[in-house]
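Note sheet for the following structure.
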Amino acid sequence: MAILSLSKITKTYRKGDIEVKALGGVDLELEKGEFCAIVGPSGSGKTTLLNIIGCLDKPSSGIISYQGKELKILGEKELSEYRREHVSFIFQSFNLIPVLTVAENVELPLSIEGSFSKTQMRQKAMAMLEAVGIADKAGRYPRELSGGQEQRVAIARALVKEPSVVLADEPTANLDSHNAEEIIRLMKAMNEKSQTTFIFSTHDKMIMEEAFRVFHLHDGLIVKDERKRL
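The sequence shown finishes on residue 227 if you use the working numbering, and the numbering steps up by one all the way, no holes.
Okay, structure coming up:
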């Protein structure tokens, strides 16, 4: 069974009296552990599609299912549980909390989940910071980090709760080529180790080259599903 299944997903926004169609009927299925990219020109619907997969937005029509369970019919509490328990986000702007230390930023998803002691949260956060190579920055604040280090913290925060799916919206857009290459290598290693499903919205050719599967989106439709290798 596919971990994620989308059938005839549409999304239309209203701007005054004008309707803007962001997605025109998207079909896709993803298996556990895929490392894939959604590519296409600006305005093609990439971010909208990620937001619908992550239930930050609702489709205008169509069906989206996670492990066979339809998400559109869930109430707000159940959707919140889906996001909290199964999905993490990585954004190009990092979205770290400036008044929290690096370790506290990584602990935040565990604190929201509410099932870990302070000691357990710190142990998990430090283990993840070690995995992304910046455990020595645990007591620093985001303003004291480079862009590449901030993105590593964002990745650690996304992965600390061991999600099934990571949605990454242009995660390398604000990084230089060296840091971008290291971040991609890091995420791919974690994908292979834990079988976490990664879905990128990107213009980055390095991500496209490393992705096992590339969805080409144009005018709100997937026009090509490129499977590069098993």
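Virtual Cβ for every residue (Gly too), placed ideally from N, Cα, C. Please read all numbers here as calculations on a predicted model, not as lab measurements.
- If only complete runs of 3 or more residues are kept, the stretch 18 to 80 shows the beta strand (DSSP E) at 32 to 36 and 58 to 63, in order along the chain.
- Buried is the label assigned to Tyr63, since at least 16 other Cβ atoms lie within 10 Å of its Cβ.
- In the DSSP annotation of this structure, the continuous segment of the beta strand (DSSP E) that includes Thr194 starts and ends at Thr194 to Ser198.
- Exposed is the label assigned to Glu141, since fewer than 16 other Cβ atoms lie within 10 Å of its Cβ.
- Nearest in C-alpha terms to Ile6, of all of Glu178, Glu26, Phe209 and Gly13, is Glu26.
- Under the three-state reduction of DSSP, Ile94 is assigned to coil, being neither helix nor strand.
- Going by DSSP, Leu107 is part of no beta strand (DSSP E) but of the alpha helix (DSSP H) stretching over Val99 to Glu110.
- Pairing Leu164 with Gly22 gives a Cβ-Cβ distance that is not under 8 Å.
- The stretch 71 to 80 makes no contact with the stretch 129 to 138: fewer than 3 CB pairs, one atom from each, lie closer than 8 Å.
- Taking the Cβ atoms as the reference, Ile152 lies roughly 16 Å from Met203, outside the contact range of under 8 Å.
- With contacts defined by Cβ atoms closer than 8 Å, Gly145 and Glu179 form a contacting pair.
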